[in-house]
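Protein chains in written order, with this note's numbering: chain A, 1 to 119; chain B, 1001 to 1113.
Idealized CB from N, CA, C, for every residue including glycine.
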């Protein structure tokens, strides 16, 4: 079974600053996806960024980037130029990739990190 | 707006009752997933359907059941409700079985009194 651990229950950052959220995971699988999801007060889960384990290059989406260290089983999220709208709960998640590239949507989530961006 | 619609948004009921939560996936998406979010358990995968067929099962209680209909909408039925079933229930959809990307609805908040 896979486990995902987010060791930072809460983080805060000043607007326009950079913040890094930590995530570690444990798995015996070789092929998988990793995700960061954002849950703002509106409570809807929004995909922030996605990383395929076989890709060595770290994923980037605008102000969001990851530091994927496969050997260390670490997957941190860096938010640059933080904005007030980034205030949310952030979840790290793992999904096994089955043979043929299929997945079954069974996301294993971490406990979440509450990020507050201060003006 | 993710395109995934869940109803009702809020539901308050009593122990022992039965409720049905409904989900309409994004247009064209064949897979529907149900997740439960509670304070003590966090986010837990319950079940997945693909084009009407059950494809994967997680930590879903026997008191809970789900199905996906020919028009691809899905329902999650929760029966003999207990206080501990109070949670936010999310539906998500994805366009293909072999994708790692899910689109979540806004969730249905269930409160059992």
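Extent of the continuous beta strand (DSSP E) run through residue i
i	result
residue 1023(B)	1019-1024
residue 1116(B)	Here chain B covers residues 1001 to 1113 and nothing more, so residue 1116(B) does not appear.
residue 14(A)	10-14
residue 39(A)	32-39
residue 1112(B)	1108-1112
residue 20(A)	19-21
residue 1041(B)	It is not in any beta strand (DSSP E) - residue 1041(B) carries neither H nor E in the DSSP assignment.
Cβ pair residue i, residue j closer than 8 Å
i	j	result
residue 1025(B)	residue 1102(B)	no
residue 1055(B)	residue 1048(B)	yes
residue 80(A)	residue 18(A)	yes
residue 1088(B)	residue 1063(B)	no
residue 1001(B)	residue 1094(B)	no
residue 15(A)	residue 117(A)	yes
residue 21(A)	residue 84(A)	no
residue 1060(B)	residue 1046(B)	yes
residue 23(A)	residue 82(A)	no
residue 89(A)	residue 1104(B)	no
residue 92(A)	residue 2(A)	no
residue 10(A)	residue 108(A)	no
residue 1013(B)	residue 1019(B)	yes
residue 1100(B)	residue 33(A)	yes
residue 1106(B)	residue 43(A)	yes
Closer than 8 Å to chain A by CB, residue i
i	result
residue 1038(B)	no
residue 1106(B)	yes
residue 1054(B)	no
residue 1090(B)	yes
residue 1062(B)	no
residue 1024(B)	no
residue 1002(B)	yes
residue 1045(B)	yes
residue 1028(B)	no
residue 1110(B)	no
residue 1072(B)	no
Beta carbon proximity, residue i to chain B, threshold 8 Å
i	result
residue 109(A)	yes
residue 43(A)	yes
residue 106(A)	yes
residue 33(A)	yes
residue 77(A)	no
residue 21(A)	no
residue 63(A)	no
residue 89(A)	no
residue 11(A)	no
residue 47(A)	yes
Residues bridged to residue i [DSSP beta-bridge criterion]
i	result
residue 26(A)	3(A)
residue 1102(B)	Paired residues: none, contrary to the question.
residue 1031(B)	1050(B) and 1094(B)
residue 46(A)	38(A)
residue 117(A)	13(A)
residue 1115(B)	Beyond the ends of chain B as shown, which are 1001 and 1113, falls residue 1115(B); an answer cannot be given.
residue 1002(B)	Residue 1002(B) pairs with nothing; no bridge assigned.
_Quick check for students: name the residue ranges of the alpha helix (DSSP H) that lie wholly in the stretch 52-113 of chain A, counting only runs of 4 or more._
none
*List in chain order: all unbroken beta strand (DSSP E) runs of 3+ residues lying wholly within the stretch 1069-1095 of chain B.*
1074-1078 and 1087-1094
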